[in-house]
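Chemist:
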Amino acid sequence: SFDVQSNFVIAWNDAGDWYDYTRNFPTSAKLYKVYGRLSSGGNSMAAQLDEVTSGAGAANQVLVKLGEFRAPATGNYDVFRFVPLTDDKGEETLVKLGGERTLRFTVLPGNLDADYLVFVPAGAGSLPPIVARTTPARGSIAPANTLIEVSIEDRETSVVPGSIRLSVNGVSVTSASA
24 SFDVQSNFVI AWNDAGDWYD YTRNFPTSAK LYKVYGRLSS GGNSMAAQLD
74 EVTSGAGAAN QVLVKLGEFR APATGNYDVF RFVPLTDDKG EETLVKLGGE
124 RTLRFTVLPG NLDADYLVFV PAGAGSLPPI VARTTPARGS IAPANTLIEV
174 SIEDRETSVV PGSIRLSVNG VSVTSASA
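When we follow the numbering used here, the leftmost residue of the sequence shown carries the number 24, and every step to the right adds one.
1) What does the Cβ neighbour count give for E91, buried or exposed, with the cut at 16 atoms within 10 Å?
2) Is the CB-CB distance between A38 and L131 below 9 Å?
3) Quick check on DSSP: helix, strand or coil for A79?
4) Looking only at DSSP bridge pairs, what is L72 linked to?
5) Comparing alpha-carbon positions, which option in L89, I33, K53 and R188 lies nearest T109?
6) Y100 to D136, Cα distance in whole Å?
7) How long is the line joining the alpha carbons of A70 and F128, rounded to whole angstroms?
8) Tell me, please, which residues DSSP counts as bridged to Y55.
9) Do V106 and A94 count as a contact pair if the criterion is CB distance below 9 Å?
10) Here's the rule I'm using: 16 or more other beta-carbon atoms within 10 Å means buried, otherwise exposed. How should I153 be labelled?
11) For F31, count the other beta carbons within 10 Å of its own beta carbon; 16 or more makes it buried, fewer makes it exposed. Which is it?
12) Do N168 and S63 have their C-beta atoms within less than 9 Å of each other?
13) Quick check on S200: does DSSP put it in helix, strand or coil?
14) What residue range does the beta strand (DSSP E) around A34 cover?
15) Alpha carbon to alpha carbon, how far is L72 from S51?
16) Cβ of T180 within 9 Å of Cβ of T125?
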């Protein structure tokens, strides 16, 4: 909860602006879903969340990408909504955090006002593999016969190669992939 009498918003953000957020999580690492409370009266909202593994507070930080917050504008900078942290496919993702951690919130192209981050406990366990990158990028339009590249990263559990399926516009193209 928060005191609405003294709630502060980080406003007038542009692409490239970033903020460190240090917090003490329970010592035994837990899985979390993460939400940003964001607003925009103009462009779509887009930001990236990284874990800072070295150089907290410095410009040359070492980062591990956790995901992105992406959503259409809310129509007004005073109208906030909760935006989930998502992976490269646009699906909600889990992060595993324990002990003191510094996270970096970086504004991507678009604009937004940021109110706060919410960490919702999602149990214990291991992080599954994730789709780390795709080319062409999510949501983009590409000419026919464009090479599709997908990078899957193991996390605490490994991907089972035989379980991978690829479909384009709902049609399986797994047998044509290499």
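We put the CB at the ideal spot given by N, CA and C, even for glycine.
Modeler: Quick answer:
1) For the purposes of this step, residue 91 is taken as residue 68 along the sequence shown, with counting starting at 1. Buried is the call here.
2) Reading the sequence shown from its first residue, position 15 is the one you call residue 38. Reading the sequence shown from its first residue, position 108 is the one you call residue 131. Contact check for A38 against L131 passes: the beta carbons are separated by less than 9 Å.
3) For the purposes of this step, residue 79 is taken as the residue at position 56 of the sequence shown. Here A79 sits in coil by DSSP.
4) Against the sequence shown, residue 72 aligns to sequence position 49. DSSP lists G90 and F128 as partners of L72.
5) Position 86 of the sequence shown, counting from 1, holds the residue named residue 109. Minimum Cα distance to T109 is reached at L89.
6) Within the sequence shown, numbered from 1, the residue matching residue 100 stands at position 77. Within the sequence shown, numbered from 1, the residue matching residue 136 stands at position 113. Answer to the nearest angstrom: the Cα atoms are 7 Å apart.
7) By one-based count along the sequence shown, residue 70 stands at place 47. By one-based count along the sequence shown, residue 128 stands at place 105. One C-alpha to the other measures close to 7 Å.
8) As a first step, residue 55 must be located in the sequence shown, where it is residue number 32. In DSSP, Y55 forms a bridge with V118 and P144.
9) Here residue 94 is taken as the residue at index 71 of the sequence shown, counted from 1. Here residue 106 is taken as the residue at index 83 of the sequence shown, counted from 1. Contact annotation: A94 and V106 have beta-carbon atoms nearer than 9 Å.
10) For the purposes of this step, residue 153 is taken as residue 130 along the sequence shown, with counting starting at 1. Counting the other CB atoms within 10 Å of its CB gives I153 a total of 16 or more, which places it among the buried residues.
11) By one-based count along the sequence shown, residue 31 stands at place 8. For F31, the number of other beta carbons within 10 angstroms of its own is below 16, and it is reported as exposed.
12) The residue labelled residue 168 in the question sits at position 145 within the sequence shown. The residue labelled residue 63 in the question sits at position 40 within the sequence shown. No Cβ-Cβ contact shorter than 9 Å links N168 with S63.
13) The residue you call residue 200 lines up with position 177 of the sequence shown. S200: coil per DSSP, three-state reduction.
14) For the purposes of this step, residue 34 is identified with residue 11 of the sequence shown, where counting begins at 1. Segment I33 to N36, the beta strand (DSSP E) holding A34.
15) On the sequence shown, position 49 is the one that residue 72 refers to. On the sequence shown, position 28 is the one that residue 51 refers to. One C-alpha to the other measures close to 21 Å.
16) For the purposes of this step, residue 180 is identified with residue 157 of the sequence shown, where counting begins at 1. For the purposes of this step, residue 125 is identified with residue 102 of the sequence shown, where counting begins at 1. With contacts defined by Cβ atoms closer than 9 Å, T180 and T125 do not form a contacting pair.
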